[in-house]
DNA sequence: TGCCCCTTCCTGAAAATTCAGTCAAGGGTT
DNA sequence: AACCCTTGACTGAATTTTCAGGAAGGGGCA
């Protein structure tokens with residue numbers, strides 16, 4: 021599909037990564053996508069529509085690359101590590117996703133309407149992580165796994181924000197996350 | 021100081037906590053502070069100036085209330101715990117500070133101008149935390165203390181965002197943080 | 001004391017800018 | 001023709017920013 025609609029969504033993803041959800045200007049988006057602003061309204065109705073569709077687009081893309089980890093990982097511990105470190109990479113795609121996620125989280129503080137989706141996505145992620153922890157440490161209790169998963173994912177969000185806001189070098193963030201996984205696993 | 025300049029900064033903190041950095045309108049701020057919009061420009065030059073000074077104001081205020089813990093704590097471990105849990109409380113002041121801090125962190129992703137102050141405030145905080153960890157576990161290495169401090173503070177930021185965005189009940193966030201402190205200390 | 005000058009703080013009003021959103025119309029395809 | 005896609009030219013409303021000037025207070029000085 022080289023259709024313009026998709027081109028607009030891709031461009032929106034880029035603009036959001038550059039300016040944030042709240043910094044997205046319809047005109048800048050049209051320039052980025054190489055179309056007129058009117059076309060954007062034709063396809064998405066209004067600014068909120070752009071945001072909604074783009075967020076769906078991003079979520080879908082994230083789901084895809086998260087899912088494509090090696091299907092039958094041998095070492096569950098390495099699998100866990102890989103799954104989490106996936107979010108701390110300096111590729112356009114990951115950067116775009118992390119940025120959008122951070123924006124979403126920050127926006128939800130002021131816009132209750134966003135909270136439900138956010139909460140759902142978060143618990144899904146936490147559960148998946150708990151699952152991986154369970155595979156790495158079958159003897160731990162489910163409660164302990166759940167709590168550790170919440171800590172690791174929350175930590176990852178915190179590290180990610182520091183990385184994106186230029187407070188923490190990427191490699192250092194990755195190292196800290198590895199250590200945290202280490203500490204948590206030793207604990208279980 | 022009942023000077024208007026400070027009144028404006030206090031009001032800005034409140035407005036940011038209510039609307040977010042990007043939601044701050046100079047006019048709403050002037051109403052909140054009970055002054056004319058012109059006065060705000062007189063004191064802060066432009067919107068960016070308001071933001072910059074407010075950031076300083078917030079970090080300073082946070083530093084102050086973080087520092088005013090009991091001077092000669094007997095139990096360093098309890099001291100550490102108290103220091104960190106201080107940021108997870110549902111009082112207007114803490115909520116305001118945490119919200120504003122989260123906003124600033126999120127804004128810094130897109131506005132490099134904010135990064136320097138943010139980074140400085142963050143390292144100060146991390147160092148102070150590492151210091152407390154050192155007192156709780158004198159035998160650990162400075163490097164280990166520093167890394168643990170980075171993890172705990174980043175985790176706290178992550179938990180704080182989840183709390184403020186309605187994803188995580190406050191008490192649960194506090195519990196997770198306590199456990200993390202536990203895990204990290206056991207580790208050192 | 002009374003007067004002049006200078007600075008600081010502050011305001012109302014208006015100008016300038018920014019932005020989302022609209023509309024009439026054109027080109028291509030079926 | 002009927003339909004889909006697309007655009008340039010605009011508009012109205014919201015916001016930021018500028019500006020001319022007023023009130024209040026201090027210092028020097030006749």
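Residue numbers (this note's numbering), protein chains in the order written: chain V, 21 to 208; chain R, 21 to 208.
Every residue, glycine too, gets a C-beta built ideally from N, C-alpha and C.
Note that the structure is a prediction, hence the values are computed from the model and not measured.
Residue i CB to nearest chain R CB: under 7 Å?
i	result
residue 178 of chain V	yes
residue 41 of chain V	no
residue 149 of chain V	no
residue 109 of chain V	no
residue 175 of chain V	yes
residue 26 of chain V	no
residue 207 of chain V	yes
residue 30 of chain V	no
In chain V, which residues lie less than 7 Å from residue i when you measure between Cβ atoms?
i	result
residue 123 of chain R	126
Could you tell me which chain R residues have their CB closer than 8 Å to the CB of residue i, listed as they occur along the chain?
i	result
residue 199 of chain V	167 and 171
residue 275 of chain V	In the structure displayed, chain V extends from 21 to 208; residue 275 of chain V sits before or after that span and is not available.
Please compile the residues from chain V whose C-beta is within a distance smaller than 8 Å of the C-beta of residue i.
i	result
residue 119 of chain R	129
residue 142 of chain R	182 and 187
residue 135 of chain R	185, 186 and 187
Could one say the Cβ of residue i lies closer than 7 Å to chain V's Cβ atoms, at least one of them?
i	result
residue 186 of chain R	yes
residue 139 of chain R	yes
residue 203 of chain R	yes
residue 105 of chain R	no
residue 196 of chain R	yes
residue 21 of chain R	Any answer about residue 21 of chain R is weak, because its pLDDT of 41 lies below 50 and its placement is not dependable; what the coordinates show is given next. No, residue 21 of chain R lies away from the interface with chain V (no Cβ there is under 7 Å from its Cβ).
Could you tell me if residue i is buried or exposed, where buried requires 16 or more neighbouring beta carbons within 10 angstroms of its beta carbon?
i	result
residue 94 of chain V	exposed
residue 125 of chain R	buried
residue 53 of chain V	buried
residue 171 of chain R	buried
residue 143 of chain R	exposed
residue 47 of chain V	exposed
residue 56 of chain V	exposed
residue 141 of chain R	buried
residue 173 of chain R	buried
residue 111 of chain R	exposed
residue 101 of chain V	buried
residue 133 of chain V	exposed
residue 21 of chain V	Below a pLDDT of 50, predicted positions are generally treated as unreliable, and residue 21 of chain V, at 43, falls in that range; the measurement from the model is reported next regardless. Residue 21 of chain V is exposed by the Cβ-count criterion.
residue 163 of chain V	exposed
Do you know how far the Cα of residue j is from the Cα of residue i?
i	j	result
residue 191 of chain V	residue 30 of chain R	38 Å
residue 120 of chain V	residue 160 of chain R	38 Å
residue 97 of chain V	residue 103 of chain V	10 Å
residue 147 of chain V	residue 33 of chain R	36 Å
residue 45 of chain R	residue 35 of chain R	9 Å
residue 58 of chain V	residue 37 of chain V	23 Å
residue 61 of chain V	residue 67 of chain V	8 Å
residue 41 of chain R	residue 25 of chain V	31 Å
residue 158 of chain R	residue 127 of chain V	41 Å
residue 109 of chain R	residue 99 of chain R	16 Å
residue 83 of chain V	residue 76 of chain V	10 Å
residue 17 of chain V	residue 149 of chain V	Lying before the first or after the last residue shown, residue 17 of chain V is absent from chain V, which here runs from 21 to 208.
residue 39 of chain V	residue 107 of chain V	20 Å
residue 166 of chain V	residue 178 of chain R	16 Å
residue 193 of chain V	residue 199 of chain V	10 Å
residue 203 of chain R	residue 43 of chain V	39 Å
residue 116 of chain R	residue 87 of chain V	38 Å
residue 113 of chain V	residue 187 of chain R	25 Å
residue 69 of chain V	residue 80 of chain V	16 Å
residue 183 of chain R	residue 138 of chain R	21 Å
residue 64 of chain V	residue 27 of chain V	13 Å
Worksheet entry | Segments of 3+ residues assigned as beta strand (DSSP E) that fall wholly inside the stretch 145-205 of chain V | none
Discussion item. Runs of 3 residues minimum, wholly inside the stretch 39-112 of chain R: which ones carry the beta strand (DSSP E) assignment?
Written reply: none
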